[in-house]
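Chemist:
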Amino acid sequence: MSQWETVYEKWRSYTALDPALKQELNRMDGQQDVLEDAFYTELAFGTGGMRGVLGPGINRMNIYTVRKAVNGLADYLKVQCVNVNDRGVVIAYDSRYQSQQFAVETAKVLGAHGIKSYIFDRMHPTPLLSYAVRYLGTVAGVMITASHNPPEYNGFKVYNEDGGQITPNEADDITQAIKKTEDELTVPYLEQEELEAQGLLTWVGQEIDHAYLEQLAGISKLSADEQQLAKELQIVFTPLHGTAHDLVLKGLDQLNFQHVDVVEEQAVADPEFSTVTSPNPEEHQAFTMAIELGTQTGADILIGTDPDADRLGIAARDDAGAYTVLTGNQLGALMLDYILRHSDPALLGNARMLKTIVTSELGRKIADAYGVRTIDTLTGFKFIGEKIRQFDATGETFIFGYEESYGYLVSDFARDKDAVQAAVIATEMAHYWKKQGKTLFDALHLLYEQHGYFMEDMLSITLKGKEGSEKIAAIMAGIRKEPLTSIGGLEVTYAEDYLAGERTAISTNETEPIDLPQENVVKYLLDNGSWVCLRPSGTEPKIKCYVGVCEASEKAGQNRLTDLKTAMETLISRF
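In this text, residue positions in the sequence shown follow our numbering: the first is 1046, and each later residue adds one.
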């Protein structure tokens, strides 16, 4: 009997197994491939916590894998933090299947350790969880979410006492603590009634929302007088069946944006996300219904947030008058420029803009023009949050952070990407440019004319299951074994291997260290300022190839982008 079959038999023979999981396990009987995938390995816990398909098995999201993760987290917190029991852990959840149940299961296991929990009394955005950690002074936060993954997914995301996503070192320590729990089926826990009776569970109401909204009003770049004036901007908003509805509307109302039409069908908290193929504002199809409503109302901009409200997409009218969704790089550059042009120049010398290594270089050009230093981080907003925490010691000032995948942070009262903040500042920005007689696309072309036509794209290849994981590993190993010297007709000038922590000059073969943590990423810098970067996703069964170019015209940029994407697609297909 193989190892996975041994684990499967343990689950199948466990008499106290949750009835719903037992029923599903019975339906899987005889489906060897399905059973093996559910039991061949434990659901990985990384810097994004853990995320997976719902169902029975140690490689699935269910009450037992959640309990095991929480047990390890509790053991870790008791070693690493002070006053753990009194300070407690705050827990939030989104609109997905079993999200509230997993939130309560988290509290039940923490309670068995004597650790107090705070749970929001209804679904909430991820950035509110980040803010709540700081507001309540808890030792950690847990967000039950799978962001914009398909409906069959859910996840368990951990935040440290600063309100940021846990760092790789913290994740490694938590992982080691989780591994010490040998049997996920018998993790100790208290029932909800016991928690409440012992004062180990507090349900959080409106208090944190009100405090967050006060902070949100403070990010505006409008004068106090202008904040009070009714705005003419016409807006359509869709929360894509998720958590952003109330806070985005309240945030806009605080600044007197009165012409907001909501896509009502998508304001419903639907775990099936039944009106979209994917509830992801990165996917343009997610804006289909918003475009229909915007066409009816004459909207200037369309706003879309993903289900846990940490990503924002914006669609605006292009030169032909049609709604076009801005890329994450484009929207980030526009917001950065808007913030810097409305900041006191005397305060910018110590200001820092943060972006990831796969985010457009246009942001650096804009920051340079205002005398603001840009700092690169590894991919993932956890690294931006970690860098902000370091600023508390260095005295540097955070002014804006973003990544190409539609994540933005305007103010550091939260320490993770925040679509509520971004929705408010992007709307305000559109209002500013409308007063100048310009759309957001007009404003974008002004940036291109000033700094060059920066364009980016990404290839995303999904490779699921055990076989997919092995394929992704083979691709990365193959790239390292046969380093590239040219791509799409352009010479490689530098090769950066973030796992080895080295940057190599191709012409001299000289190396220098990369001052960033190790990560399974390879990036090539090309001789005209273009670049390509290859990395496995940390949260989805995908390998991603990012491509960036800068040319003198839009057409030249598009042509270069196509050439590089084709070259990388051909390369990847060889493995």
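Virtual Cβ for every residue (Gly too), placed ideally from N, Cα, C.
Does the beta-carbon of V1129 have 16 or more other beta-carbons within 10 angstroms, so that it is buried, or is it exposed?
Modeler: Reading the sequence shown from its first residue, position 84 is the one you call residue 1129. By the 10 Å Cβ count, V1129 comes out buried.
Chemist: Report buried or exposed for L1305, applying the criterion of at least 16 other Cβ atoms within 10 angstroms of its Cβ.
Modeler: Translated into positions along the sequence shown, residue 1305 becomes position 260. Here the sequence assigns Val to residue 1305, which means Leu is not the residue at that position. Answer is buried; the Cβ neighbour count reaches 16.
Chemist: According to DSSP, Q1210 sits in a beta bridge with which residue or residues?
Modeler: One-based indexing of the sequence shown puts residue 1210 at position 165. According to DSSP, Q1210 bridges with Y1204.
Chemist: Can you grab the Cα-Cα spacing for the pair I1617 / I1520, in whole Å?
Modeler: Reading the sequence shown from its first residue, position 572 is the one you call residue 1617. Reading the sequence shown from its first residue, position 475 is the one you call residue 1520. So the two alpha carbons sit approximately 7 Å from each other.
Chemist: Suppose you measure from the CA of Q1068 to the CA of N1107; what does that come to, to the nearest Å?
Modeler: Stepping through the sequence shown from its first residue, residue 1068 is reached at position 23. Stepping through the sequence shown from its first residue, residue 1107 is reached at position 62. For Q1068 and N1107, the distance between alpha carbons rounds to 13 Å.
Chemist: So, for Y1234: in the same chain, excluding its five sequence neighbours on each side, which residues have a beta-carbon less than 8 Å away from its beta-carbon?
Modeler: For the purposes of this step, residue 1234 is taken as the residue at position 189 of the sequence shown. Contacts found: R1112, E1150, K1153, V1154, G1156 and A1157.
Chemist: Buried or exposed: which applies to W1576, given that a residue is buried once 16 or more other Cβ atoms fall within 10 Å of its Cβ?
Modeler: Position 531 of the sequence shown, counted from the start, is the residue given in the question as residue 1576. Answer is buried; the Cβ neighbour count reaches 16.
Chemist: Report, in whole angstroms, the separation of the C-beta atoms of I1211 and K1427, which I expect to be a contact under 8 Å.
Modeler: On the sequence shown, residue 1211 is found 166 positions in, with the first residue counted as 1. On the sequence shown, residue 1427 is found 382 positions in, with the first residue counted as 1. Yes, I1211 and K1427 are in contact; Cβ-Cβ is about 7 Å, under 8 Å.
Chemist: Thinking C-alpha only, which one of V1281, G1452 and Q1435 is nearest T1372?
Modeler: Here residue 1372 is taken as the residue at index 327 of the sequence shown, counted from 1. For T1372, the nearest C-alpha among the options comes from G1452.
Chemist: So, using beta-carbon positions, are S1623 and H1193 closer together than 8 Å?
Modeler: Given a span of 1046 to 1620 for the chain in the structure shown, any question on residue 1623 remains unanswerable.
Chemist: Let me make sure I understand the geometry here. Which of H1169, N1301, Y1085 and G1430 has the alpha-carbon closest to that of R1141?
Modeler: Taking the first residue of the sequence shown as 1, we reach residue 1141 at position 96. Ranking the options by Cα distance to R1141, first place goes to H1169.
Chemist: Let me see if you follow: with CB-CB separation under 8 Å, is H1290 close to chain D or not?
Modeler: No chain D is present in this structure, which holds just one protein chain.
Chemist: When DSSP labels each residue in this structure, what does L1491 get in the three-state scheme?
Modeler: As a working mapping, residue 1491 is identified with position 446 in the sequence shown. DSSP places L1491 in helix when its eight states are reduced to three.
Chemist: Assign Y1257 to one of three DSSP states: helix, strand, or coil.
Modeler: Position 212 of the sequence shown, counting from 1, holds the residue named residue 1257. Of the three classes helix, strand and coil, the one that applies to Y1257 here is helix, per DSSP.
Chemist: Please state whether the Cβ-Cβ distance between T1419 and G1408 is less than 8 Å.
Modeler: Walking along the sequence shown from the start, residue 1419 turns up at place 374. Walking along the sequence shown from the start, residue 1408 turns up at place 363. Yes.
Chemist: Mind checking which residues open and close the beta strand (DSSP E) that includes F1282?
Modeler: Reading the sequence shown from its first residue, position 237 is the one you call residue 1282. Unbroken beta strand (DSSP E) run through F1282: I1280 to T1283.
Chemist: Judging by CA-CA distance, which residue of L1561, Q1563, A1550 and E1585 is the nearest neighbour of Y1569?
Modeler: Taking the sequence shown and counting its residues from 1, one reaches residue 1569 at position 524. Per the Cα distances, A1550.
Chemist: Using alpha carbons as the reference points, say which of T1190, N1395 and A1222 lies closest to T1442.
Modeler: Translated into the one-based positions of the sequence shown, residue 1442 becomes position 397. Of the candidates T1190, N1395 and A1222, the one whose C-alpha sits nearest the C-alpha of T1442 is N1395.
Chemist: Using CA atoms only, rank isn't needed, just tell me which of G1287, M1380, H1286 and I1336 is closest to K1266.
Modeler: In the sequence shown, the residue the question calls residue 1266 occupies position 221. Closest by alpha carbon: M1380.
Chemist: Which of the three DSSP states, helix, strand or coil, is assigned to M1095?
Modeler: For the purposes of this step, residue 1095 is taken as the residue at position 50 of the sequence shown. Note: M1095 maps to strand in three-state DSSP.
Chemist: For S1514, which of A1540, I1588, A1459 and D1487 has the nearest alpha-carbon?
Modeler: Taking the sequence shown and counting its residues from 1, the one referred to as residue 1514 is at position 469. The candidate whose alpha carbon is nearest that of S1514 is I1588.
Chemist: Using a Cβ-Cβ cutoff of less than 7 Å, which residues in the same chain neighbour G1182 once the five nearest sequence positions on both sides are dropped?
Modeler: To locate residue 1182, count along the sequence shown from 1; it is residue 137. The answer, listed in chain order, is R1132.
Chemist: To the nearest angstrom, how far is it from the Cα of K1276 to the Cα of K1479?
Modeler: Position 231 of the sequence shown, counting from 1, holds the residue named residue 1276. Position 434 of the sequence shown, counting from 1, holds the residue named residue 1479. When rounded, the distance between both Cα atoms is 10 Å.
Chemist: For R1105, which option in L1278, Y1085 and P1528 has the closest C-alpha, if you only look at C-alpha atoms?
Modeler: Within the sequence shown, the letter at position 60 stands for residue 1105. Of L1278, Y1085 and P1528, the residue nearest in Cα terms is Y1085.
Chemist: Do the CB positions of A1289 and G1091 come within less than 8 Å of each other?
Modeler: Here residue 1289 corresponds to residue number 244 of the sequence shown, with the count starting at 1. Here residue 1091 corresponds to residue number 46 of the sequence shown, with the count starting at 1. Not in contact: A1289 and G1091 (Cβ atoms no closer than 8 Å).
Chemist: Given a cut-off of 8 Å on the beta-carbon distance, is the pair N1565 and P1581 in contact?
Modeler: As a working note, residue 1565 is residue 520 in the sequence shown. As a working note, residue 1581 is residue 536 in the sequence shown. Going by C-beta atoms, N1565 is nearer than 8 Å to P1581.
Chemist: Do you know whose CA, among E1337, R1362, A1367 and E1328, lies nearest T1350's CA?
Modeler: The residue you call residue 1350 lines up with position 305 of the sequence shown. Cα-wise, what sits closest to T1350 is E1328.
Chemist: What whole-angstrom Cβ distance do R1397 and G1209 have, given they're in contact under 8 Å?
Modeler: For the purposes of this step, residue 1397 is taken as the residue at position 352 of the sequence shown. For the purposes of this step, residue 1209 is taken as the residue at position 164 of the sequence shown. Actually they do not touch by this definition, with Cβ atoms about 16 Å apart.
Chemist: Taking only three categories from DSSP, how would you classify Y1415?
Modeler: As a working mapping, residue 1415 is identified with position 370 in the sequence shown. It is coil, neither helix nor strand.
Chemist: For V1127, write down the residues that DSSP places opposite it in a beta bridge.
Modeler: The count along the sequence shown starts at 1 and reaches residue 1127 at position 82. Answer is none; V1127 lacks a bridge partner.
Chemist: Can you list, in chain order, the residues of its chain whose CB lies under 8 Å from that of L1278, leaving out five sequence neighbours each side?
Modeler: What you label residue 1278 is simply residue 233 of the sequence shown in a count that begins at 1. Hits under 8 Å: F1302, H1304, D1345, I1346, T1472, A1475, H1476 and K1479.
Chemist: From which residue to which residue does the beta strand (DSSP E) around I1346 run?
Modeler: Looking up residue 1346 in the sequence shown gives position 301. Its beta strand (DSSP E) spans residues I1346 to T1350.
Chemist: Going by the DSSP bridge assignment, what does Y1368 pair with across the sheet?
Modeler: By 1-based counting over the sequence shown, the position of residue 1368 is 323. Answer is R1362.
Chemist: Quick one: Cα of L1099 to Cα of N1199, how far?
Modeler: Translated into positions along the sequence shown, residue 1099 becomes position 54. Translated into positions along the sequence shown, residue 1199 becomes position 154. Spanning the two alpha carbons is a distance of roughly 6 Å.
Chemist: How many angstroms separate the CA atom of F1499 from the CA atom of E1406?
Modeler: Numbered from 1 along the sequence shown, position 454 holds the residue referred to as residue 1499. Numbered from 1 along the sequence shown, position 361 holds the residue referred to as residue 1406. Answer to the nearest angstrom: the Cα atoms are 7 Å apart.
Chemist: Please look up how many angstroms separate the CB atoms of L1285 and V1321, rounded, as I've assumed it's under 8 Å.
Modeler: Here residue 1285 corresponds to residue number 240 of the sequence shown, with the count starting at 1. Here residue 1321 corresponds to residue number 276 of the sequence shown, with the count starting at 1. About 6 Å separates the two Cβ atoms, so the contact holds.
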